[in-house]
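Novice:
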Amino acid sequence: MLANRWNLPDLGFGVGLRSVHYDHILEHFPPVDWFEVISENYLTGGGYAVHALEKIRERYPIVTHGVSLSIGSTDPLNSTYLERLKRLADRMNTPWVSDHICWTGVNGRNTHDLLPILYTEETLRHVVSRIRTIQDFLERRVVLENVSTYVEFAASTMTEWEFIARMAEDADCGLLLDVNNVYVSAFNHGFDAKEFIDAIPADRICQYHLAGHTNKGTHIIDTHSDHVVDGVWELYRYAYSRSGGRATLLEWDEDIPPFEVVHAEALKAREYRDIPSVSLSYSPKKPIHAFAEEYA
364 MLANRWNLPD
374 LGFGVGLRSV
384 HYDHILEHFP
394 PVDWFEVISE
404 NYLTGGGYAV
414 HALEKIRERY
424 PIVTHGVSLS
434 IGSTDPLNST
444 YLERLKRLAD
454 RMNTPWVSDH
464 ICWTGVNGRN
474 THDLLPILYT
484 EETLRHVVSR
494 IRTIQDFLER
504 RVVLENVSTY
514 VEFAASTMTE
524 WEFIARMAED
534 ADCGLLLDVN
544 NVYVSAFNHG
554 FDAKEFIDAI
564 PADRICQYHL
574 AGHTNKGTHI
584 IDTHSDHVVD
594 GVWELYRYAY
604 SRSGGRATLL
614 EWDEDIPPFE
624 VVHAEALKAR
634 EYRDIPSVSL
644 SYSPKKPIHA
654 FAEEYA
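Structure follows, in structure tokens:
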């Protein structure tokens with residue numbers, strides 16, 4: 364197996380920590396490998412959420428995953444946010460800090476959405492500079508995730524996967540490959556999902572994300588509200604065959620079922636990891652959901 368270039372740990376198969384599951388986890392301490400937490404939920408104050416996280420941290424590895432770094436924004440970096448994020452990362456002893464390749468606001472206003480960026484040389488230089496500054500400040504590897512998108516900029520001069528590969532090399536950062544997001548964006552924009560995955564430098568992948576989505580027929584929305592579909596599992600199998608041992612995380616954020624259901628879904632990743640990959644080829648003229656039906 365190919366190690367990531369920083370020898371960051373393969374934590375196994377984890378789930379996103381959600382408040383509806385606090386009581387179950389604290390009562391039963393289920394056999395979960397690790398938890399990922401949304402950073403913004405724990406940056407300030409106390410309360411039950413912070414209390415629960417501190418108790419869970421005593422038993423499990425924790426990785427912080429943010430939604431407000433806004434790496435693609437032209438606003439100045441938020442020093443207060445970064446200071447709080449660093450304190451949280453230090454307290455949780457998180458092996459890396461993750462966020463998204465996007466922007467989330469302008470002029471100090473947070474849209475609370477992960478918005479697509481323009482893929483140009485100018486944007487690349489801007490994002491790389493911000494990543495390097497943030498990594499130096501946090502004193503931890505920053506690991507950035509590809510997002511699901513529903514529109515694209517006509518002015519982009521390179522593909523998303525070309526941008527991500529160059530960004531990771533130039534900024535010397537890690538990557539969180541969200542396989543569901545690749546699937547969603549491939550369907551929405553008609554590109555080859557395998558070409559996307561092949562372009563990502565495998566030694567920079569530190570973590571995988573898996574999730575369910577909502578297929579509207581003409582487009583897919585990244586809702587994290589259901590089980591992972593077969594096509595996403597097949598993509599994960601293919602991606603994992605390129606990288607080997609990487610921490611894998613199951614996200615479920617809407618219509619959240621009992622903890623046992625979420626954990627069982629996360630553990631399916633182990634089964635797909637251990638089955639040899641089929642040959643994948645996704646054509647822009649052939650919707651990605653057709654592949655799932657063909658190989659179901």
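FYI, the numbering for the sequence shown is 364 to 659, going by the numbering used here.
Don't be surprised by glycine CBs; every beta carbon is placed ideally from N, CA and C.
(1) Can you tell me which of the three DSSP states histidine 576 falls into?
(2) With a CB to CB cut of under 7 Å and the five nearest residues on each side skipped, what residues in its chain are close to arginine 529?
(3) Look at the Cβ atom of alanine 396, then the Cβ atom of proline 424, and state whether they are nearer than 9 Å.
(4) How far does the beta strand (DSSP E) with glycine 379 in it extend, from its first residue to its last?
(5) I'd like to confirm something about glycine 409: is its beta-carbon nearer than 8 Å to some heavy atom of the ligand ZN, or not?
(6) Return the residue from the list Ala517, Asp555, Phe526, Ser548 that minimises the CA-CA distance to glutamate 484.
(7) In the DSSP assignment, what are the bridge partners of phenylalanine 398?
(8) By DSSP's criteria, threonine 611 is part of a beta bridge. Which residues make up the other side?
(9) Apply the 10 Å Cβ neighbour rule to proline 479 and answer buried if 16 or more other Cβ atoms are within range, or exposed otherwise.
(10) Hey, out of Ser588, Gly594, Leu445, Leu451, whose CA is closest to glutamate 399's CA?
(11) Out of curiosity, what's the CA-to-CA distance linking serine 492 and aspartate 453?
(12) Is arginine 472 helix, strand or coil by DSSP?
(13) Kindly give me the distance between the Cβ atoms of valine 430 and glutamate 390, rounded to whole angstroms, as I take these residues to be in contact under 8 Å.
(14) Going by the beta-carbon positions, is the gap between glycine 379 and alanine 610 smaller than 9 Å?
(15) For aspartate 589, collect the residues of the same chain with a Cβ closer than 6 Å to its Cβ; drop the 5 residues on either side in sequence, then sort them by chain order.
(16) Using the Cα positions of valine 510 and tyrosine 405, report the straight-line distance between them to the nearest angstrom.
(17) If you follow the beta strand (DSSP E) that leucine 538 is part of, which residue opens it and which one closes it?
(18) Along the chain, where does the beta strand (DSSP E) containing aspartate 637 start, and where does it finish?
(19) Quick one: give me the first and last residue of the alpha helix (DSSP H) that valine 491 is part of.
(20) Leaving aside the five residues before and after proline 650 along the sequence, list all residues of the same chain whose C-beta is less than 7 Å from its C-beta, in chain order.
(21) With 16 other CB atoms within 10 Å as the buried threshold, where does histidine 414 fall?
(22) When DSSP builds the beta bridges, which residues end up paired with tryptophan 466?
(23) With C-beta atoms as the reference, is valine 506 less than 9 Å away from cysteine 569?
(24) For isoleucine 584, does the three-state DSSP call read helix, strand or coil?
(25) Which word fits aspartate 618, buried or exposed, when buried means at least 16 other C-beta atoms lie within 10 angstroms of its C-beta?
Specialist: Straight from the coordinates:
(1) The count along the sequence shown starts at 1 and reaches residue 576 at position 213. Looking at histidine 576 - three-state DSSP - the assignment turns out to be coil, as it is neither helix nor strand.
(2) Residue mapping note: residue 529 aligns to position 166 of the sequence shown, counting from 1. Contacts found: Leu487.
(3) Taking the sequence shown and counting its residues from 1, the one referred to as residue 396 is at position 33. Taking the sequence shown and counting its residues from 1, the one referred to as residue 424 is at position 61. The question names alanine, but residue 396 is aspartate in the sequence shown. Contact flag set, yes.
(4) Translated into the one-based positions of the sequence shown, residue 379 becomes position 16. Glycine 379 -> beta strand (DSSP E) spans 376-379.
(5) Summarising the ligand content, the structure contains no ligands, and the ligand ZN is consequently not present.
(6) On the sequence shown, position 121 is the one that residue 484 refers to. Minimum Cα distance to glutamate 484 is reached at Phe526.
(7) Translated into the one-based positions of the sequence shown, residue 398 becomes position 35. According to DSSP, which records beta bridges pairwise, phenylalanine 398 is partnered with Val378, Ile425.
(8) Taking the sequence shown and counting its residues from 1, the one referred to as residue 611 is at position 248. Looking at the DSSP assignment, threonine 611 forms a beta bridge with Phe376, Tyr571.
(9) Translated into the one-based positions of the sequence shown, residue 479 becomes position 116. The residue in question, proline 479, is buried, as its Cβ has 16 or more Cβ neighbours within 10 Å.
(10) Locating residue 399 in the sequence shown gives position 36, where the first residue counts as 1. Comparing Cα-Cα distances from glutamate 399 to each of Ser588, Gly594, Leu445, Leu451, the minimum goes to Leu451.
(11) Looking up residue 492 in the sequence shown gives position 129. Looking up residue 453 in the sequence shown gives position 90. If you take the alpha carbons of serine 492 and aspartate 453, they lie about 23 Å apart.
(12) Translated into positions along the sequence shown, residue 472 becomes position 109. Arginine 472: strand per DSSP, three-state reduction.
(13) Along the sequence shown, one-based indexing puts residue 430 at 67. Along the sequence shown, one-based indexing puts residue 390 at 27. No, valine 430 and glutamate 390 are not in contact; Cβ-Cβ is about 28 Å, not under 8 Å.
(14) Here residue 379 is taken as the residue at index 16 of the sequence shown, counted from 1. Here residue 610 is taken as the residue at index 247 of the sequence shown, counted from 1. No, Cβ-Cβ distance for glycine 379 and alanine 610 is not below 9 Å.
(15) Counting from 1 along the sequence shown, the entry for residue 589 is found at position 226. Same-chain partners within the cutoff: Gly575.
(16) As a first step, residue 510 is located in the sequence shown; it is residue number 147 there, counting from the start. As a first step, residue 405 is located in the sequence shown; it is residue number 42 there, counting from the start. Taking the straight line joining both Cα atoms gives about 23 Å.
(17) Position 175 of the sequence shown, counted from the first residue, corresponds to residue 538. Start and end: 537-541.
(18) The count along the sequence shown starts at 1 and reaches residue 637 at position 274. No beta strand (DSSP E) contains aspartate 637, which DSSP labels as neither H nor E.
(19) Counted from its first residue, the sequence shown places residue 491 at position 128. Taken as a continuous stretch (DSSP letters only), the alpha helix (DSSP H) holding valine 491 covers 484-501.
(20) Here residue 650 refers to the residue found at position 287 of the sequence shown. Reliability of the predicted coordinates at proline 650 is poor, the pLDDT of 40 falling under 50, and the value obtained from them is presented with this limitation in mind. Cβ neighbours of proline 650 beyond the five flanking positions: Phe550.
(21) The residue you call residue 414 lines up with position 51 of the sequence shown. Exposed, by the Cβ-count rule.
(22) By one-based count along the sequence shown, residue 466 stands at place 103. DSSP, once it has assigned bridges, lists Leu478 as partnering tryptophan 466.
(23) Walking along the sequence shown from the start, residue 506 turns up at place 143. Walking along the sequence shown from the start, residue 569 turns up at place 206. Yes, the Cβ-Cβ distance between valine 506 and cysteine 569 is below 9 Å.
(24) In the sequence shown, counting from the first residue as 1, residue 584 sits at position 221. Isoleucine 584: strand per DSSP, three-state reduction.
(25) One-based indexing of the sequence shown puts residue 618 at position 255. With fewer than 16 Cβ atoms within 10 Å of its Cβ, aspartate 618 is classed as exposed.
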